[in-house]
Amino acid sequence: MRIIFLILTLTIANKVFAQSDEKPWSAELNSAKNAAYLDQLEQEVIHELNKVRSNPKRYAEEYLEELTATFSGKLYTYPGQNTVKSNEGIAPLIECIDVLKATEPMPTLKPSEGLTKATEDLLKDQQKYGGIGHITHNGETPQKRIEKYGEWDVCSAEDITYGSFEARQIVIALLIDDGVPERSHRKNILNPCFRFAGVNYGSHPNYQSMCVIDYAGEFKTK
């Protein structure tokens, strides 16, 4: 199991970057739309992940390429937003676009109630005790939390963002992976091994919001 960590450094404006004549994405990609244990934003996170995985090249062209115009050195500004300083500037965005355009489509993700419960444990722990990262205040790792709610196989991982406020914002930040040299979050999203995901989004005492995503190759909820 690969354990990774992100403090969100890229904040995308609360704006849907889409063209008016954009061809609709397949309705099948919205695999979590009937998962009652997920709220709307959490369902949309899985939807966005599935867009990336089903057609990485199209995702880059429709949602990432236009972000290049928002950078000035390490600073970037969106309409109605304050200027924000990134760690690396535009380089990881350009890199991400190139990677997505060279990546073949892969299986989409199905929602998992057990994985969602595992993400909820971490979210509630940090809401109560503060802090960041993958380990709860009493020492529970992602693997231990996941195994409380089911049996995973093949592969598993966890992504976290802090300070994002919409689904596409969350996924794009993980894809760009500013400040993370190994681009672990991007690699998780583009890992064809994963077939299931759980998501939890909520408030955070220091970063306003956080989103936890757990992935597994196979998973059976208890």
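If you use this note's numbering, the sequence shown corresponds to residues 514 to 735, in order. Each residue gets a CB set at the ideal place from its N, CA and C atoms; glycine is no exception. A quick note: this is a predicted structure, and the numbers were derived from the prediction, not measured.
Using the three-state DSSP reduction, which class does residue i fall into: helix, strand or coil?
{"i": "residue 601", "result": "coil"}
{"i": "residue 734", "result": "strand"}
{"i": "residue 586", "result": "coil"}
{"i": "residue 712", "result": "strand"}
{"i": "residue 612", "result": "helix"}
{"i": "residue 725", "result": "strand"}
{"i": "residue 719", "result": "coil"}
{"i": "residue 596", "result": "coil"}
{"i": "residue 693", "result": "coil"}
{"i": "residue 569", "result": "helix"}
Figure out for me which residue from the options has the closest Cα to the Cα of residue i.
{"i": "residue 723", "options": "680, 682, 675", "result": "675"}
{"i": "residue 700", "options": "625, 713, 680, 686", "result": "686"}
{"i": "residue 649", "options": "662, 656, 635", "result": "635"}
{"i": "residue 696", "options": "576, 539, 612", "result": "612"}
{"i": "residue 549", "options": "727, 625, 651", "result": "625"}
{"i": "residue 567", "options": "582, 616, 580", "result": "616"}
{"i": "residue 539", "options": "552, 565, 637", "result": "565"}
{"i": "residue 658", "options": "576, 552, 633", "result": "633"}
At the level of alpha carbons, what is the spacing between residue i and residue j?
{"i": "residue 678", "j": "residue 544", "result": "21 Å"}
{"i": "residue 693", "j": "residue 645", "result": "16 Å"}
{"i": "residue 586", "j": "residue 735", "result": "49 Å"}
{"i": "residue 729", "j": "residue 559", "result": "13 Å"}
{"i": "residue 592", "j": "residue 667", "result": "With a pLDDT of 48 at residue 592, under the threshold of 50, the modelled position of this residue cannot be trusted; read the value that follows with caution. Approximately 43 Å, taken between the alpha carbons."}
{"i": "residue 606", "j": "residue 578", "result": "8 Å"}
{"i": "residue 643", "j": "residue 536", "result": "42 Å"}
{"i": "residue 619", "j": "residue 542", "result": "12 Å"}
{"i": "residue 682", "j": "residue 631", "result": "22 Å"}
{"i": "residue 713", "j": "residue 584", "result": "30 Å"}
{"i": "residue 596", "j": "residue 661", "result": "42 Å"}
{"i": "residue 638", "j": "residue 580", "result": "34 Å"}
{"i": "residue 653", "j": "residue 718", "result": "20 Å"}
{"i": "residue 551", "j": "residue 627", "result": "12 Å"}
Residues in its own chain within less than 7 Å of residue i by CB, not counting five upstream and five downstream?
{"i": "residue 459", "result": "Only positions 514 to 735 of the chain appear in this structure, which leaves residue 459 out of reach."}
{"i": "residue 731", "result": "665, 666, 667, 708"}
{"i": "residue 689", "result": "523, 605, 606, 609"}
{"i": "residue 705", "result": "619, 620"}
Just to confirm my understanding: we take residue i, look at its own chain, exclude 5 residues before and 5 after, and list those with CB closer than 6 Å. What are they?
{"i": "residue 664", "result": "733"}
{"i": "residue 614", "result": "570, 573"}
{"i": "residue 514", "result": "Residue confidence for residue 514 is low, a pLDDT of 34 falling below 50, so the modelled location carries little weight; the figure read from the coordinates is stated next. Excluding sequence neighbours, residue 514 sits near 656, 669."}
{"i": "residue 601", "result": "691"}
{"i": "residue 672", "result": "687, 698, 701, 726"}
{"i": "residue 554", "result": "680, 714"}
Hey, is residue i close to the ligand FMN, as in C-beta under 8 Å from one of its heavy atoms?
{"i": "residue 568", "result": "Although the ligand FMN was asked about, the structure shown includes no ligands whatsoever."}
Taking 8 Å as the limit between beta carbons, can you name the residues of its chain near residue i, skipping five residues before and five after?
{"i": "residue 546", "result": "556, 560"}
{"i": "residue 598", "result": "587, 588"}
* Asked: Hey, which unbroken runs of the beta strand (DSSP E) at 3 residues or more fall wholly within the segment 616-679?
  -> 663-675, all fully within the segment 616-679.
* **Within the segment 534-560, ranges of the beta strand (DSSP E) (whole runs, at least 3 residues)** => none
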